[in-house]
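Notes follow the structure.
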Amino acid sequence: MPVIENVWDYPRPPRLEPVPLPLRIDFNGTTIAATTEGFRVLETSHPPVYYLPRTAFSCGIEPRSGGSFCEWKGRASYWSLRQGDRIAVDAAWSYPTPSPSFLPIRDYLAVYAGRVDACFVGDEQVTPQPGGFYGGWVTANLIGPFKGSPGTMGW
Numbered sequence: 001m002p003v004i005e006n007v008w009d010y011p012r013p014p015r016l017e018p019v020p021l022p023l024r025i026d027f028n029g030t031t032i033a034a035t036t037e038g039f040r041v042l043e044t045s046h047p048p049v050y051y052l053p054r055t056a057f058s059c060g061i062e063p064r065s066g067g068s069f070c071e072w073k074g075r076a077s078y079w080s081l082r083q084g085d086r087i088a089v090d091a092a093w094s095y096p097t098p099s100p101s102f103l104p105i106r107d108y109l110a111v112y113a114g115r116v117d118a119c120f121v122g123d124e125q126v127t128p129q130p131g132g133f134y135g136g137w138v139t140a141n142l143i144g145p146f147k148g149s150p151g152t153m154g155w
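Under the UniProt record's numbering, the sequence shown is numbered contiguously, ending at residue 155.
Here is the structure:
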């Protein structure tokens with residue numbers, strides 16, 4: 001039985017931890033990434049964001065212009081994922097030069113679950129974090145409410 005986690009018990013500033021379960025991402029009818037060497041970031045009110053090593057990806061990874069800034073992790077770069085004739089625009093992001101606390105996720109990518117066909121933690125298919133701005137993966141063991149739903153941007 002999975003351990004129930006309340007996202008309101010997650011820390012702020014966020015915590016980085018290794019993931020003991022396999023992670024998998026499917027897109028355009030194929031598995032484009034799979035690893036047992038993932039990390040997750042836990043932050044108050046958010047479902048975990050999962051990071052996979054870039055070497056776990058078998059699809060095309062194309063840089064996008066622009067970026068964003070996280071007060072905890074640093075400057076993010078965005079990526080599109082290409083598999084065959086499909087492209088998922090701005091589907092992934094990374095921290096090429098993360099802050100010291102997040103150095104283990106340098107050269108790792110996080111993926112928006114709603115921009116690919118499916119993402120899995122172990123054997124469980126995740127649900128994308130509500131709202132489309134944040135990239136958390138919701139699993140059945142999580143208790144919210146989750147930041148990203150309507151009316152939560154001011155939290």
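Every residue gets a Cβ at the ideal spot worked out from N, C-alpha and C, and that includes glycine.
(message) Quick test of your reading: L103 and L52, contact by CB under 8 angstroms. State the CB separation rounded to the nearest angstrom.
(response) About 16 angstroms separates the CB atoms of L103 and L52; that is not less than 8 angstroms, and the two are not in contact.
(message) On the criterion of 16 or more Cβ atoms from any shown chain inside 10 Å, does E43 qualify as buried, or is it exposed?
(response) buried
(message) Extract the residue ranges of the beta strand (DSSP E) inside the UniProt domain "DUF427" (24-113), only unbroken runs of 3 or more that lie entirely within it.
(response) 30-35, 39-42, 49-53, 60-70, 74-83, 86-94 and 108-111
(request) Compute the beta-carbon to beta-carbon distance between Y50 and W137, rounded to the nearest angstrom, for a pair I have assumed lies under 8 angstroms. (result) 6 angstroms
(message) Under DSSP, the beta strand (DSSP E) around R15 begins and ends at which residues?
(response) R15 to P18
(request) Could you spell out where the beta strand (DSSP E) holding F133 opens and where it closes? (result) No beta strand (DSSP E) holds F133; DSSP gives it neither H nor E.
(message) Which residue wins for smallest C-alpha separation from G122, given the options A91, E37 and R15?
(response) E37
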